[in-house]
Structure formats: structure tokens, C-alpha cells
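Written below as C-alpha cells is the structure these notes are about.
Protein chains: 2
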Amino acid sequence: MHRSHLFAPTRREVAADLGSANAELLTRAGYIRTAAAGVPIYLPLGLRVLEKIARIVREEMDALGGQEVIMSALQPKELWEETGRWQKLGQNDVMYQFKDRSERETGLGMTHEEMAISLIRDAQPSYKDLPLAIYQIQKKFRDEARAKAGLLRGREFIMKDMYSFHVSEADLEAFYKQAISSYLKAYERIGLPVIATIASGGVFTENHSHEFQTITEVGEDTIYTCAKCNQAINDEIIANFPDGCPNCHAELKPERAIEVGNIFRFGTGYSEQMGLTYTTETGGREHVWMGSYGIGISRVMGTVVEVSHDERGIIWPRSIAPFDVHLLDFTKDGQGEKVAHQMKAAGLDVLLDDRPVSAGEKLAEADLFGIPYRAIISEKTAGQIELKARTAPDARVMLLTEVISTLKR
Amino acid sequence: MHRSHLFAPTRREVAADLGSANAELLTRAGYIRTAAAGVPIYLPLGLRVLEKIARIVREEMDALGGQEVIMSALQPKELWEETGRWQKLGQNDVMYQFKDRSERETGLGMTHEEMAISLIRDAQPSYKDLPLAIYQIQKKFRDEARAKAGLLRGREFIMKDMYSFHVSEADLEAFYKQAISSYLKAYERIGLPVIATIASGGVFTENHSHEFQTITEVGEDTIYTCAKCNQAINDEIIANFPDGCPNCHAELKPERAIEVGNIFRFGTGYSEQMGLTYTTETGGREHVWMGSYGIGISRVMGTVVEVSHDERGIIWPRSIAPFDVHLLDFTKDGQGEKVAHQMKAAGLDVLLDDRPVSAGEKLAEADLFGIPYRAIISEKTAGQIELKARTAPDARVMLLTEVISTLKR
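Line by line, the protein sequences give chains V and C.
Count the first sequence with my numbering and you get residues 779 to 1187, in order.
Count the second sequence with my numbering and you get residues 779 to 1187, in order.
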């Protein structure tokens, strides 16, 4: 991709009230724009990052046995009345609800338990059809009073949500444990440090849920982390742990964190409310055991920026960077074209800055964009390339073949 | 993929009031479900088809120079007041509009001219930044009173919409012509016959727009096609062509058709309303020339089923089929596993029907699903495979290597 063709409108300054590093840097670097508070627009660079995060999550959900679907955003009221959540989420929480022109009460999906259950119920499953897990990656909507600029607290955001269905508590438990592993693997591949955090179980169960939290002082959640082992407790249930860490009894210390995922066991609670049963081996009918599993795809993108940037710009992990390498052409006769072509032929995704602007402007933009490697071709390096990792203090001059082998590692 | 694990809840019967082949067959075959009239849910098989259509369209838009973005579904009223379309689309047309809990007037995106223009305006383009084309593939919403089951007339549907920006009428014209070629190529790759149809120009211009129409007796549009050349005219402007076909003066005959895409030239109309200008080479400011280009991704899927099915089920074109081959295992000891493995190793996407159900049930489902090739392994073919194209009258028995070379063609 040529920088001269890329729609990435950068800004030197942004409004001071953006209030977060992710909003400021993603806006300045031309990754996102904001249609209204909490309503982001993804420009080409931003969409590339989002798609890479989604692909990793999709691969891990597929490996876990999940099957991808797309449920509807428009939600008929009748469905939500089966669980009593139409009123609850409309009044106390943040579901968009309105009447259409035929006076039908309609909502916008902020979660999809009711619809997922209705799909499985409609299929009249037998024990042979279970376990079954369906997931989707799409926009969700929350009529959020405290919406913020950036990607952390949105009215419109992108979620991966999965729903699993089982014949027994034991089967749900086994799947739930596998889901924790899949989640940790997904975040590790994305390059975002998280800690699995015990949280309250919610409406149907004494079983705890788990949140996946990224520790950062700008986080809105408080969690208590164990100094000795890899355990954390959400502050809403910390009172249940007077003896410290449940694993090793070491002291638990408060930290600020951003929640980037959460998983729940519902037992048979929803299935009882909505009449979701399966046919047993002996022809009887039993309620289905169920769990749900969320990852905030766009929130992950914002959180990565919060924890991975410096005063000059973003620092993307390689796996979700919009390009592998940012090639700055300082030559007068466009020698970068040939180098970019060879890098591309070697399987690298290259952003070539071919614009007739100053070296200083190109260098500043490379730091702002945060692509993992910056390569410079100039008359002064005599056909060699100056390569610098975004996180390294210094550059090294090397042959193109060496650059390629370094980047392919 | 094993059929025993695939969530594809088939139905023998569907409600008689579904009223269209695409609604009936996609529902019976477990590709889609319906949350409410015009609000589809894509199950795993349906999502596979949708993604393949989207990929072809994406490739053609990228080749045309389009850059992919994702704009917001939530639309602030203020933006639409700049063109006067808030009131127009809310009252006379079908835009969802409601107040959020902070009493802000909000709409759901049914088209994105205003938002696309605001993005480019905000970037303060110069002549060097143009031409520029941005596109997105995502859900759109219409508060459609005559919504139907299936994928042809939805409240919630998936569109590709592109917006192009130019320094001159000549540049817009050149891009518009290229877009017609790209569209014809995309439909050809998808396997959907379309005819480019001259339609009225709309609000800002005397220039005609073009619709891409698929001729079928279940279509809701009427177009007039030339018996001699590849030309068609939409019935809304047929009165302008009293002498027959504008190319060859042959007679124009009415046909029923489904509109699966449309493209418009706006001239500088929207740019004048919204103050979208670019800096010229001499430092002046001129209004930007603009076009927009839509393809109904989910409507294309429904239209393919309308024009490509028989009394037994769907007939997918190879390029958008959910799998390349549907392998039915009639053996008692699961010999299909090894065959499926070898097909997969050869790069084929295989659906293996490994269920302990009758041969008749498997054969009927293969016809219903409409995967382009059906392969059968049974004790009676002595290690060979019986291969039949969905559209062929008879099967042929051949070695696996021959099957693979036939399918890879």
C-alpha cells in the first residue's frame, strides 16, 4: 500500500477533551473518527487492526468447537419478555428500545442470550446434538449515558459473543475450563496482557464468572491481584475472600484494570425461563445447561493502545499491526518502489511512504502509526536499508535480504 | 466439517406464507432463520455463502481502488439535516429514527452519503488526495412496512456501499465507467446473471443512474430489455425512449427483475449542500464531484436462490457454495473419514455426512443443500467414489484421484 493513496487523515492536534490515550492517538493517527460520543468510525488503518483481532479470536473460537453465525441487531420485544429482561435492560440498564412505524416495540441487540436460546429451542435438540456452541462477531448497541471518545465505552461497539449448550453440569464445566484456556491463548496471540479474574456469578448461579482484565491505571474497574500467584478477584466480591488469595492465602492488592472479556455459567436458569430442553437417550426431556462468553473486539483494540504507546505514538504488537513494516523512502528517485516490491514478494505487508514530504514528517508519522518495524531507504545508506523496531532505541543498517529474514522471523 | 457437528437445523415443512423460494429453501435447508419479517439470522451454512459473496465484492472494490472502512450504524440527526434528508427519509421513506435516553435524535444508517462526505470534508482534501473511494460491507436498516421473509426485502440487510470523490466531472465519469465493469465482473464471479439497466438520475443530475437487475418472474421491478443488444431501461423512464432501444432502436420488451445493485452520479450536488470542497493546484477551492455505488450482499444471496434451484433444493454456483463437495458416507465403518481427509489435503472444502441416518435422507439433504458436487462412498463401489454434479442427471464412478482432479478444475 502506498501512503500517498491511503486514506489516513492525521491530525497534529486533537480536542483536549478526548480524555484517553486510545481516543487521542487513534484519532491523531487517522485510525478512527467519532460520529458521536461512543460511536466510532473505523478508517482503513483502524479496520485492518480490528480485522486482525477478529481473525485471532475467530480461530480460537473455531478451535474450541464454536460455529459462527450472525444473529440480528433488531430484537423483537416478545423474545425478551420470556426472560423478563425487556423491562430490566430497558429501564435500569442501557438497551436501545423504540417503536417502529408499525408500532412494534423493537430493541437493538446488546447481548444475544434470548435469541441464541430461541435458535436452539427451535431446532428441538436431542442429546446427540449437544454440546453445541454458536458465536458471532458483530456490532452491539448500548444506550450508554457515560459514553466516551475512543473505543473503551461505546454506544456502538464490536463484540464476539458465544453461547454454549450442554446436557449436564459436568459437560458445561469442562467446556467452561477450555474456554478460559482459549481466551488466554487469544489474548496472548493478540499481545494484550490479561489476568483471569473471579467475579460474581450473576442471577442464576452461585458459581463465579470470570472476567479477563488488563491492568492499567486508566482502568475503570478495581480488581485485587495476588502477589504470589496468577489470581485476581473483582472488587464486587472481594468481601468473600477475607483470608486473601483463595489459592495461596497471600495478600490481595487493589489495581485499576480494563475488562476486555467475560464468561458466565448460567446453569439451567435461562433454559427454564425459556423452555429450552433436549431429548434424552431414554426419550425424556431435560433442561439444557448453558454458558456465555464475550470478548470486546473493539475494546481490545483500544486497550492495546492504552497499555502500548509512548509519547510519540502507538506501539502495535506484531500480530495485530495494520502492516508488518513501514518503509520510508528518502530517495529522490523513488527507490522505495523496488524495495517494497521485494518485501511484498517475500510475503510482508508493507506500507510505503512515497510522499514528497520531509524526512522529519515521515519519521514522526512512523512513530505515530506504530507499525512494528520502520525501514528507511536513502541515498546515504548506499542501497542498504536502515531498520528499526518501533520499541528499539537504535536503527541498524543492513542488506535487504537481512531485513527480510529479520522481519520473517 | 462433519455434518454431525454442523448446526444446520433442517425442516421438512415451512409455513406456507413464506411466499418465496429463497425464504422457503434457505429456511428448510437450515441456512437462515427469521427473527421477525425482514430480519434474518444467518446460521453457519448461510454465513459461509454470505462471506464468499462479500469476499468477491471486496476483491473487486479493492481492485477498483476502493478503501474499506466501517462507518457507524447510529446516525446523529444533525448530520442528516445538512442535506435535508432527516425529514425526507424519516417521513416519506423508511429510516429508523428515535430518541435515545438523553433525548438525542438518532437514526439507524440505511445509506451513508452524509457520513462519508463528513469524513472527507473533515480531512480537508487537496487535489492531490483525489480521486478517493471508500466503501464498507455491513448491516443497514430500513423500517420497511412491506418486509418479507427471506433475503429480498429486509428491515436489516447487508450492503456494500462505496462513495467516490473526484476533482472533475471527467474523473467521476471515468471512475463510474470502471465501476460498471467492476460490478459486472463481481456478479459474473458470483454466478448471478445481471443486466445493467438505465434508470433515472435522481435529485442532483440529468445523468442516468444504473441498476443491476436479475431477470426473474418473481422480481418486483419491471425493466424493458432490448431483444438485439445487451441494454435495458427501467420502467420509470421508459417513456423517454419512444423509439425503442437507445443503441439499436430494436423493440424493448418488459420483464420482471430483482435489483441487486445500483450506482449513482451526484455531480457536485451533495458537496454543495454539505460544503465539501478541495484545494486546487492554484490554491483555490472547488466543490468535489461524487458518486455512490451499492450492492445488496444479502439480497444477492436470496436472488441466487430464486434463479438457481429446482424442486429438490438449492443449486449454488461453485464460487459462493458453502462447501466444494458434499461427501455422503454410506459405509458401515466410516470409510468417508479417510476420503474426506484426502480431499481436504488436496485443498477442497468438504462437508462429510457421517450421520447414522438412511441413504435416502442423506441424498435428499444433499439436493436440498445445493453444494455443487455430491460424492458417495459405499461398500458397493469397491473403494471408488460415485461423483455427481448437482446439475447433472447422472453420477459417475471413479477413483478418488480422478474425483479430486475433476473438482480442482
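By construction, the Cβ of each residue, glycine as well, lies at the ideal position given by its N, Cα and C atoms.
Note that the structure is predicted; figures quoted are calculated from it, not measured.
Per DSSP, cross-strand counterpart(s) of residue i
i        : result
T1000(C) : R1034(C)
H944(C)  : W1067(C)
H988(C)  : I976(C), I1041(C)
V847(C)  : For V847(C), which the question treats as bridged, DSSP gives no partner whatsoever.
P818(V)  : T812(V)
Y1012(V) : Correcting the residue identity first, residue 1012(V) is Asn in this sequence and not Tyr. Looking at the DSSP assignment, N1012(V) forms a beta bridge with I1001(V).
K955(V)  : Answer is none; K955(V) lacks a bridge partner.
Q853(C)  : G885(C)
F935(V)  : K918(V)
G1072(V) : D939(V), N1040(V)
T1055(V) : H1065(V)
I1182(V) : Its beta-bridge partners do not exist; DSSP assigns none.
H780(V)  : L1130(V)
I993(V)  : A1035(V)
Alpha helix (DSSP H) segment containing residue i, residue limits
i        : result
Q914(V)  : Here Q914(V) belongs to no alpha helix (DSSP H); instead the beta strand (DSSP E) covers 910-919.
V827(C)  : 822-841
T1081(V) : 1075-1085
D907(V)  : That residue, D907(V), is in no alpha helix (DSSP H); it is neither H nor E in DSSP.
M1176(V) : No alpha helix (DSSP H) contains M1176(V), which is instead part of the beta strand (DSSP E) from 1174-1176.
L867(V)  : 863-869
T805(C)  : 799-806
A1118(V) : 1114-1123
Neighbour-count burial assignment, residue i, 16 or more Cβ in a 10 Å radius
i        : result
Q853(C)  : buried
V1083(C) : buried
H1119(C) : exposed
V1135(C) : exposed
K1031(C) : exposed
K918(C)  : buried
Q875(V)  : buried
K830(V)  : buried
K938(V)  : buried
G1045(C) : buried
G1053(V) : exposed
R811(V)  : buried
Q916(C)  : buried
C738(C)  : Here chain C comprises residues numbered 779 to 1187, so residue 738(C) is not present and cannot be evaluated.
C1007(V) : exposed
Proximal residues to residue i (C-beta, below 7 Å), its chain only, five neighbours per side dropped
i        : result
R920(C)  : V872, M888, R933
R1090(C) : D1145, L1146
T992(V)  : L970, P971, V972, A1035, I1036, V1038, T1081, V1085
A925(V)  : A815, G816, R931, G932, R933
I1001(C) : T975, Q991, A1010, I1011, N1012, D1013, E1033, A1035
M1176(C) : Q1162, I1163, L1165
F1042(C) : G980, S987, G1069, S1070
R1077(C) : L929, L930, F935, V1038
Proximal residues to residue i (C-beta, below 8 Å), its chain only, five neighbours per side dropped
i        : result
Q732(C)  : Any question about residue 732(C) goes unanswered here, given that chain C covers just 779 to 1187.
S960(C)  : E838, M839, A841, L842
A901(C)  : D907
T788(C)  : R806, A807, G808, E1143, L1146
R1174(V) : E1164, L1165, K1166
E995(C)  : R1034
E1157(C) : F1108, T1109, K1110
First through last residue of the beta strand (DSSP E) which encompasses residue i
i        : result
T812(V)  : 810-814
M893(V)  : Not the beta strand (DSSP E): M893(V) falls in the alpha helix (DSSP H), residues 891-900.
V1103(C) : 1103-1107
F876(C)  : 875-877
E883(C)  : 883-886
L1130(C) : 1128-1131
I1093(V) : No beta strand (DSSP E) contains I1093(V), which DSSP labels as neither H nor E.
A1206(V) : Because chain V in this structure spans residues 779 to 1187, residue 1206(V) falls outside the shown range and cannot be described.
A1153(C) : 1151-1155
Spatial neighbours of residue i in its chain, beta-carbon cut-off 6 Å, leaving aside the 5 residues before and after
i        : result
I1182(V) : A1124
K1140(V) : L1106, D1131
W864(C)  : K855, W858
A786(V)  : G808, L823
I1073(C) : V835, K938, G1039
beta-carbon residue i near the ligand GDP non-hydrogen atom, thresh 8 Å
i        : result
Y1056(V) : This structure lacks the ligand GDP, and indeed carries no ligand of any kind.
**Request:** Mind the definition here: the stretch 799-813 of chain V touches the stretch 902-910 of chain V only if three or more C-beta pairs lie below 8 Å; say whether that holds.
**Result:** Short answer: they don't touch.
**Prompt:** Any chance the stretch 1060-1076 of chain V sits against the stretch 937-953 of chain V, with 3 or more Cβ pairs inside 8 Å?
**Reply:** They touch, by the three-pair rule.
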